[in-house]
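Colleague: With this note's numbering, letter number 287 in the sequence shown gets 270, and the count goes up by one each step, no holes.
The following block contains the structure, expressed as structure tokens.
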Amino acid sequence: MDDTDRKLMLLIAENPRMHYRELERRLGISRQAVHERVQAIERTGAFNVMRATISANYLNAVPAAVWGRSGARSMDDVIGRLCKNEFIGRIVVAGGNYLYVLGCLEDATELDGYVDFVSRNGEISEPTVGLAKLNAEIMPEWAEGVKCKEGCKPLSDLDLKIIASLQGNVRKSNADIAHSLGVSIKTVRRHIEDMIAGGSMDFDVPWDVPPGGDMLTVVHLSLRSNADKGKVAGRLLKVDPIHFNYLRSFANLPNFLLGMIGSDKMIIVRKILKSLSEDEEVLSVTPNLVYMEHSCRNWMMDCSRFTSGSRRSARGPNLRE
-16 MDDTDRKLML LIAENPRMHY RELERRLGIS RQAVHERVQA IERTGAFNVM
34 RATISANYLN AVPAAVWGRS GARSMDDVIG RLCKNEFIGR IVVAGGNYLY
84 VLGCLEDATE LDGYVDFVSR NGEISEPTVG LAKLNAEIMP EWAEGVKCKE
134 GCKPLSDLDL KIIASLQGNV RKSNADIAHS LGVSIKTVRR HIEDMIAGGS
184 MDFDVPWDVP PGGDMLTVVH LSLRSNADKG KVAGRLLKVD PIHFNYLRSF
234 ANLPNFLLGM IGSDKMIIVR KILKSLSEDE EVLSVTPNLV YMEHSCRNWM
284 MDCSRFTSGS RRSARGPNLR E
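Have a look at this one:
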């Protein structure tokens, strides 16, 4: 795996429906080379699950992460139990039985019950809870969704059917979608483009640890008490944009950032960690190697609950036909 592959994986994670022409333009390589690289990445199993979902921004969902060391003997059993909760979308297992459970709640009032469920079933005796902060400098894709949310066009039943059709195969062609739904290809294309541009449709693309590919390392960053997290994050993300391109901020953890490094060479991981630790606003850097990631089907993927006449999100916009 080289840096072109990594750039390709980032583009796929951003929009798995991106056309080969656009990938060719962004990467500066031939379409045939793009196709061959995509096939090679798929064979590694790096993207085992790629599906469309209604966005957390559109539903006004509450992103909540719970992490800590698990006392469980079997992570497979833990994952099986945790995936029974409709709010959980992803589970990451790192060294020393360290669990990161990522979910989205319909309402903030569900937080206590959610944390209790994760703690008991994940056997985490001292959980840390993080409520994602929508900071434009750290998470521009989330912040852009929030900006459009007030005037976001309500999802129609056709929109929801299109999203549902992309959950089994996110790269399903517009022609196949149109045929299955009995509408024109032009209509499908317009609806998909509008949902992506409006921020109402999102993609769930867990980046698993592929055989022979990059190692993933979670990084905990503790900052000085008066640090501006947005400015610090913007600076840190420039350290190595290819291997270190993920940082998250949490509203209830004012001096903390959570990051992810992806590389097949430990020397690169060590170089990035050294650069992060040398930042004047960073007090400590704690890395933890990831060895398993699992995606669960959560409530935001159940499009049938949002169609006219069915149960709707208590916090989301009014949905219409």
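Here a beta-carbon is modelled for each residue, glycine too, at the ideal position from N, C-alpha and C.
Among Lys116, Glu89, Leu82 and Glu93, which residue has its Cα nearest to the Cα of Ser102?
Modeller: For the residues Lys116, Glu89, Leu82 and Glu93, the minimum Cα distance to Ser102 belongs to Leu82.
Colleague: Over what stretch of residues does the beta strand (DSSP E) that includes Asn152 continue unbroken?
Modeller: Asn152 -> no beta strand (DSSP E), and no H or E assigned at all.
Colleague: Return yes when the Cβ of Val202 is within less than 8 Å of the Cβ of Ile(-5), no when it is not.
Modeller: Not a contact, by the Cβ cut-off of 8 Å.
Colleague: So what does Val61 bridge to, in DSSP terms?
Modeller: Val61 pairs with nothing; no bridge assigned.
Colleague: Can we say the stretch 8 to 22 touches the stretch 157 to 166, given the rule of at least three CB pairs closer than 8 Å?
Modeller: The stretch 8 to 22 is not in contact with the stretch 157 to 166.
Colleague: Could you compute how far the alpha carbon of Tyr3 sits from the alpha carbon of Arg14?
Modeller: Roughly 6 Å separates the two Cα atoms.
Colleague: Rounded to a whole number of angstroms, what is the C-alpha to C-alpha distance between Met56 and Lys67?
Modeller: This sequence places Arg at residue 56; Met is not what is there. Arg56 and Lys67: Cα-Cα distance of roughly 19 Å.
Colleague: Between Pro110 and Phe100, what straight-line distance do the alpha-carbon atoms span, to the nearest angstrom?
Modeller: If you take the alpha carbons of Pro110 and Phe100, they lie about 11 Å apart.
Colleague: Might you give, ordered along the chain, the residues of its own chain that have their beta carbon closer than 6 Å to the beta carbon of Thr200, omitting 5 neighbours on each side?
Modeller: Contacts found: Ile244, Val252, Pro270 and Leu272.
Colleague: Who does Tyr229 pair with in a DSSP beta bridge?
Modeller: The partner list for Tyr229 (beta bridge, DSSP) reads Met243.
Colleague: From Ile175 to Met284, what distance separates their C-alpha atoms?
Modeller: Distance between the alpha carbons of Ile175 and Met284: 16 Å.
Colleague: Roughly how many angstroms lie between the CA atoms of Glu(-3) and Asp(-14), to the nearest whole one?
Modeller: Distance between the alpha carbons of Glu(-3) and Asp(-14): 16 Å.
Colleague: How would you write the range of the alpha helix (DSSP H) that Ile71 sits in, first residue to last?
Modeller: It is not in any alpha helix (DSSP H) - Ile71 instead sits in the beta strand (DSSP E) that spans Ile71 to Ala77.
Colleague: Let me know if Glu263 comes out buried or exposed under the rule of 16 or more other beta-carbons within 10 Å of its beta-carbon.
Modeller: So Glu263 ends up on the exposed side.
Colleague: Report back the beta-carbon spacing between Glu276 and Arg73 to the nearest angstrom; my notes put them in contact at under 8 Å.
Modeller: Indeed they touch by this definition, with Cβ atoms about 7 Å apart.
Colleague: How many angstroms separate the CA atom of Pro224 from the CA atom of Ala158?
Modeller: So the alpha carbons of these two residues sit roughly 36 Å apart.
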